[in-house]
Amino acid sequence: MFSERLCFFDDLDGLYFEVEGQLDVSVDRDGNVISDGENITMLEKHWHYMKDDEYCNRFQIDTIQETEENGESKVEEEPTSYTFTDVDDPEYQFDYNEGDESAIHYEVDRVEEIESIPGAAPHERRLEESVLTYLGEEEVNGYQTYVVQSVDEDMETTHWYDQDTYYEVQSETVISRDDKNNVETISIITVLDFEKKS
């Protein structure tokens with residue numbers, strides 16, 4: 005099944021998808037436990053395409069943070085952020101946050117030349133490094149899916165793959181910390197829509 009998933013990216017000229025990400029954060033960046041926790045919702049739109057044999061992309065991200073302090077809920081919406089390839093010089097990208105007066109223009113630090121639309125690498129790593137278990141079939145967000153679990157050290161991920169295309173339409177990752185606090189972080193990513201061009 006993972007081999008079929010890798011074939012999804014063969015000879016791919018373009019890929020567009022929308023996802024909703026839910027992140028339940030129980031520790032801060034320094035590893036300290038957040039007593040009331042923090043929930044982050046991210047709505048993302050991704051465009052990946054080849055132009056004159058050069059890989060280009062565009063990302064649009066809306067972020068909503070929800071925290072609770074002393075029993076009171078606080079919701080904060082961050083400005084929409086945009087990242088996109090400079091089509092005149094694909095070795096550079098622009099970063100722009102809604103409301104800013106200007107965008108940041110910078111050179112992309114790539115380890116190697118990208119000759120096709122990326123996406124297969126994480127699944128190749130799972131095939132090589134994770135313990136995989138087939139869990140059955142399930143309908144998710146209108147898609148009939150195959151369900152696979154991958155376990156790698158302290159990270160356990162459940163994957164839902166569209167039966168027609170083998171595209172991953174949902175994933176749920178639980179990262180556990182084996183320490184005195186015994187905390188965990190849960191991330192759920194759901195694909196709202198996707199379209200491929202070959």
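Quick note on my numbering: the sequence shown kicks off at 5 and runs consecutively.
The beta-carbon is built from N, C-alpha and C at its ideal position, and this holds for glycine as well.
Tell whether a beta-carbon distance below 8 angstroms holds between Ser175 and Thr162. yes
Write down every uninterrupted run of the beta strand (DSSP E) in the stretch 31–103 whose length is 3 residues or greater and which is fully enclosed by it, in chain order. 37–55, 58–73, 76–81, 85–89 and 96–101
Here's the rule I'm using: 16 or more other beta-carbon atoms within 10 Å means buried, otherwise exposed. How should Tyr171 be labelled? Here Tyr171 is buried: its Cβ has 16 or more other Cβ atoms, across all protein chains shown, within 10 Å.
By how many angstroms is the C-alpha of Lys78 removed from the C-alpha of Arg33? Bear in mind that a pLDDT of 49 at Arg33, under 50, signals an unreliable position, so the number given afterwards is only what the model happens to contain. When rounded, the distance between both Cα atoms is 20 angstroms.
Decide if Thr137 is buried, meaning its Cβ has at least 16 other Cβ atoms within 10 Å, or exposed. exposed
Is Asp56 buried or exposed, if buried means 16 or more other CB atoms sit within 10 Å of its CB? Under the 10 Å beta carbon count, Asp56 is surrounded by fewer than 16 other beta carbons and is classified as exposed.
Mark Tyr165 as exposed unless 16 or more other C-beta atoms lie within 10 angstroms of its C-beta, in which case mark it buried. buried
Under 8 angstroms between C-beta atoms, does Val135 make it to chain D? The structure shown contains no chain D, having only a single protein chain.
Contact set for Glu142: own chain, Cβ-Cβ below 7 angstroms, skip 5 residues either direction: Thr149, Val151 and Trp164
Compute the distance between the beta-carbons of Asp28 and Thr189, then report whether it is under 8 angstroms. With respect to Thr189, Asp28 sits close: the two C-beta atoms are nearer than 8 angstroms.
Pairwise C-alpha distance: Glu132 and Glu22: 28 angstroms
Return the chain-ordered list of same chain residues with a C-beta closer than 6 angstroms to the C-beta of Phe63, the five sequence neighbours on each side being excluded. His50 and Thr87
Answer yes or no: do Gln167 and Glu160 have a C-beta to C-beta separation smaller than 8 angstroms? no
Just to confirm the assignment, what range does the beta strand (DSSP E) spanning Gly140 have? Val135 to Val144
Per DSSP, what kind of secondary structure is Glu132 in: helix, strand or coil? helix
With 16 as the cutoff for other CB atoms within 10 Å, does His52 come out buried or exposed? buried
Euclidean distance between Cα positions of Tyr20 and Asp113: Roughly 23 angstroms separates the two Cα atoms.
Ile108 versus Leu139 - alpha carbon distance: 45 angstroms
In the structure shown, what three-state DSSP assignment does Thr169 receive? When secondary structure is reduced to three states using DSSP, Thr169 falls in the coil class, being assigned neither helix nor strand.
Under DSSP, the beta strand (DSSP E) around Glu111 begins and ends at which residues? Ile108 to Glu111 is the span of the beta strand (DSSP E), which, as asked, contains Glu111.
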